[in-house]
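Here is the structure we will look at, set down as structure tokens.
Number of protein chains: 2
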Amino acid sequence: MALIVQKYGGSSVADAAGIKRVAKRIVDTLKSGTQVVVVVSAMGDTTDELIDLANQVTPNPPGRELDMLLTAGERISMAVLAMAIADLGVEARSYTGSQAGVITDSVHGKARIIDVTPGRISEALAAGAIPIVAGFQGVAQATKDITTLGRGGSDTTAVALAAALGADACEIYTDVDGIFSADPRRVPKAQHVPYITYEEMMELAAMGAKVLHLRCVEYARRFNLPIHVRSSFSDRVGTWVMSDAVLKEKKVEQPIISGVAHDLSEAKITVVGVPDKPGNAASIFEAIANANVNIDMIVQNVTTTATSSTDITFTCPKTDREMAVKTLEALKPTIGFNSVEFDEDIAKVSLIGAGMRSHPGVSASFFRALASADVNIEAISTSEIRISVVIRAGQTDAAVQAVHTAFGLDGSGEAVVYGGTGR
Amino acid sequence: MALIVQKYGGSSVADAAGIKRVAKRIVDTLKSGTQVVVVVSAMGDTTDELIDLANQVTPNPPGRELDMLLTAGERISMAVLAMAIADLGVEARSYTGSQAGVITDSVHGKARIIDVTPGRISEALAAGAIPIVAGFQGVAQATKDITTLGRGGSDTTAVALAAALGADACEIYTDVDGIFSADPRRVPKAQHVPYITYEEMMELAAMGAKVLHLRCVEYARRFNLPIHVRSSFSDRVGTWVMSDAVLKEKKVEQPIISGVAHDLSEAKITVVGVPDKPGNAASIFEAIANANVNIDMIVQNVTTTATSSTDITFTCPKTDREMAVKTLEALKPTIGFNSVEFDEDIAKVSLIGAGMRSHPGVSASFFRALASADVNIEAISTSEIRISVVIRAGQTDAAVQAVHTAFGLDGSGEAVVYGGTGR
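In order, the protein sequence lines correspond to chains U and P.
Take 196 as the starting number for the first sequence in the numbering used here and just add one per residue.
Take 196 as the starting number for the second sequence in the numbering used here and just add one per residue.
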């Protein structure tokens, strides 16, 4: 009997009606002859409401306590979902991350999964019950304290659990029909992407596509677990995320370019006048890593011969900006740079496609498309299957649209868009 | 260094302002040189809101899932309270019932504590942090599932934890200044009771006084742990609940009668025409106990010689009435009684006082007081330190007032009453 893990995001379980709809979908899957394990996020705006409550008592809630508070969200949604399934005549049992064996490190707010020991989930399956697992949360191996996994954490829970249980696939239910060649909210002619490789999906996720989180795709790739991203509001097939090899086996024809992503959530930080000495870059990025700031693009300018110093620029989430600047300011006496500058009014636009490996000239066409839309490029970074630029935030739509059209991605129909995103 | 356990009910932590007020009280206690462990209930109406949510998806939520859902309430209040304490510069760490070592049986919705192993609480105290423990909840020894303790469960958590930690006292914070000689909402001249014995308090609690729950007092009595019931809205001394022996040591003068209690939450059930055969009563009450129905008064009429049958009447919580009737109907073929009748329009009024042991005539004065208020008595039950009657619900106020006056309990001032009750 096939086993799949289904993950439902906050927008799919926003209210009692949504929970009942999802319950029916789960029971239908079981009745079609497939074993199901469910991972669920907190209902709708619960997480934001809990954060508001915390902020009413203190501007700086301790990470341990904030995690304890936020995990109440999934506790509510999973119990109510289990009740709704029971109401349809099928036994369901809810489990916290800790009960489901999701073991993490001790970094509150963005813990990483280090092991999954789903003994109780297997027992529930063997007893014919549907296990409902809280997404986004785990228990720290060292302290036994409750942790949360940070943005996209529920997706990661689902994939990690699917891998540990040896599931055949992981279905990620959201409010859109999968992956599109660009954000359908910004590019009306964005096209649905039926298949995509892990590598492309990782680049898309890292570059700001909100549908799947980077860590979840990394995890799936490591275990070669197929992910099906689809909408809980329709029965349409979504996007399958698979390995290059499996796609070739299936004889799926892959396009050169799979999509255009944009990201408005990052800030640009520049360390000005770093003395050109071995070890300075290492010191800077070690300090940043120790402060648990996730950095993304790194650009270092050519050293000015006159001053023997250089500027180092990187991007990081806006939410980490204050911590990053504080950390760098503390290094100033040791390293002896001039200043730390930051800019939050930026966007990152990326072109992604496994096919660009073998097609020269993609970068040139990308820069040409941006130039014809009068978009100025402030920084460039590339990987084997991606090219990204930093531009002014206000030019995001113009840039994404121009690139989408230039690479022949515009479809004939209009994409369907639903509101909201889960976590 | 003295150690006390403080328990704050839902009305004390109804909103962010309440939580901050409670946090300050806790930190003040610590600064006065006393170690503190805190037990907290869910905020204000959280529990009712969660039950509403459950009822939106099913009329019959499974007990396991309802417990999982409801325990989210304390998770929220304890984390936010820990944050508010941290904001005052003192470290606080929140713990679920399971983390605090509250081990229970597996009866969802009304689990009983069977062991308390507060290792993590002791560690937190040793580290100089204030432990905040979720009231009302535990973990089942057999199934490892989360359980709730039922009505008054947070009080029981506090007393059980205080006993396990060897605390000097347990402070139960509520929205009234302790115990009164009658409900101040019904008897304006009700007087504050400064000291009361465990036995009297147990009778008061069992007879409907809402301030402390029966099980919590039983627990305190077993471990000879002093309880101080007081208001979190004032600094006034509340009511000390202690053993007879300790009160005598302290040379506290005890009145003959400590108070009048009433209870509108019970239903009266009568099994009509039970054949007069050994074992029938046992069969009836075994079946009722197996259905987890808590029964209170039991009255059996004299056997009618003509029919060789009798009527058995008992009272139980209205919420258990349906289950009790269903259970009894199933016994009808085996036992061969005539019918099961029930009546929910009743009240129980009780007079409680350790002094009545040595004072004859208390019952007669009690019945006389009811008679002069034109109150008809439908059933009578007595213990060594209590006498209770079942009357029509509509006559509750008249009965309580008449008895309160007849026994000289009316004070000169008016009692202060605050709204709401915790769990």
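Where a beta carbon is used, it is the ideal one built from N, C-alpha and C, also for glycine.
**Contacts that Asp282/U makes with chain P (C-beta to C-beta distance below 7 Å)** = Val252, Thr253
**Asked** Counting contacts by CB-CB distance shorter than 8 Å, is Leu399/P in contact with chain U?
**Response** no
**Request:** Please report the Cβ distance between Gln336/U and Ile309/U, rounded to the nearest whole angstrom; I am assuming they are in contact, meaning their Cβ atoms lie under 8 Å.
**Result:** 6 Å
**Message:** Helix, strand or coil for Gly617/P? Go by DSSP, reduced to three states.
**Reply:** In this prediction, Gly617/P scores a pLDDT of 32, lower than 50, which makes its location untrustworthy; no coordinate-derived value is stated.
**Message:** At the 8 Å Cβ level, is Ser289/U part of the contact set with chain P, yes or no?
**Reply:** yes
**Request:** Sort Asp282/P, Gln251/P, Ala281/P by Cα distance to Asp282/U and report the nearest one.
**Result:** Gln251/P
**Request:** Assign Asn487/P to buried or exposed, taking buried as 16 or more other Cβ atoms, counted over all protein chains shown, within 10 Å of its Cβ.
**Result:** exposed
**Cβ-based burial, His457/P [other Cβ within 10 Å; buried from 16]** = buried
**Request:** Quick one: grab the DSSP three-state call for Gln201/U.
**Result:** strand
**Prompt:** Is there at least one Cβ from chain P nearer than 8 Å to Ile246/U's Cβ?
**Reply:** no
**Message:** Is Asn496/U close to the ligand SAH? I mean its beta-carbon at under 7 Å from any heavy atom of the ligand.
**Reply:** Judged by which ligands are present, the structure shown has none, so any question about the ligand SAH falls away.
**Item:** Validate contact between the region 238 to 255 of chain P and the region 597 to 609 of chain U using beta carbons, cut 8 Å, 3 pairs
**Value:** no
**Request:** Let me know if Thr529/P comes out buried or exposed under the rule of 16 or more other beta-carbons within 10 Å of its beta-carbon.
**Result:** exposed
**Prompt:** For the putative contact between Gly550/P and Ile452/P, defined by C-beta atoms under 8 Å, what is the C-beta separation to the nearest angstrom?
**Reply:** 7 Å
**Asked** With burial defined as no fewer than 16 other Cβ atoms inside 10 Å of the residue's Cβ, what is the status of Pro326/U: buried or exposed?
**Response** buried
**Asked** Does the beta-carbon distance from Gln316/U to Val297/U come in below 8 Å?
**Response** As written in the sequence, residue 316/U is Ile, which differs from the Gln given in the question. The answer is no: Cβ separation not under 8 Å.
**Request:** Please state if the CB of Val469/U and the CB of Ile493/U are separated by a distance shorter than 8 Å.
**Result:** no
**Pairwise C-alpha distance: Asp515/U and Val234/U** = 28 Å
**Message:** My assumption, with CB atoms under 8 Å, is that Asp370/U sits in contact with Ser207/U. Please give the rounded CB distance.
**Reply:** 7 Å
**Message:** What does the Cβ neighbour count give for Asp210/P, buried or exposed, with the cut at 16 atoms within 10 Å?
**Reply:** exposed
**Request:** Please go through the same chain and pick out, in chain order, the residues whose beta-carbon is closer than 7 Å to the beta-carbon of Val412/U, but skip the five residues on each side of it.
**Result:** Tyr393, Met396, Met397, Ala400, Val436
**Message:** Quick check: what's the CA-CA separation for Ser236/P versus Ile367/P?
**Reply:** 11 Å
**Message:** I need the DSSP call for Asp372/U, collapsed to helix, strand or coil.
**Reply:** coil
**Asked** Should the region 265 to 283 of chain U be regarded as contacting the region 252 to 272 of chain P, the criterion being three or more beta carbon pairs within less than 8 Å?
**Response** yes
**Request:** Just the C-alpha distance for Thr343/P and Met273/U, rounded to the nearest angstrom, thanks.
**Result:** 17 Å
**Item:** Span separating the alpha-carbon of Lys202/P from that of Glu260/U
**Value:** 19 Å
**Prompt:** Applying a beta-carbon distance threshold of less than 8 Å, which residues of chain U neighbour Leu264/P?
**Reply:** Arg270, Ile271, Ala274, Val275, Met278
**Message:** Please tell me whether Ile586/U and Ala594/U are closer than 8 Å, where the distance is taken between their beta carbons.
**Reply:** yes
**Item:** Span separating the alpha-carbon of Asp471/U from that of Gly304/U
**Value:** 36 Å
**Request:** Could you name the residues of chain P that Ala249/U contacts, counting a contact when the two beta carbons are closer than 7 Å?
**Result:** Val275, Met278
**Message:** For a minimum of 4 consecutive residues, which ranges assigned as the alpha helix (DSSP H) are wholly contained in the region 382 to 424 of chain P?
**Reply:** 393 to 401, 409 to 417
**Request:** Determine the contact status of Val455/P and Val544/P, defining contact as a CB-CB distance below 8 Å.
**Result:** yes
**Message:** Which same chain residues end up closer than 6 Å to Val557/U when comparing Cβ atoms and leaving out the 5 residues on each side of it in sequence?
**Reply:** Met551
**Prompt:** Rounded to a whole number of angstroms, what is the C-alpha to C-alpha distance between Ser503/U and Lys443/U?
**Reply:** 51 Å
**Item:** Where Met402/P falls, given that 16 or more other Cβ within 10 Å makes a residue buried
**Value:** buried
**Asked** In terms of residues, what are the limits of the beta strand (DSSP E) holding Val661/P?
**Response** For chain P, the structure presents residues 196 to 618; residue 661/P sits outside this window and is missing.
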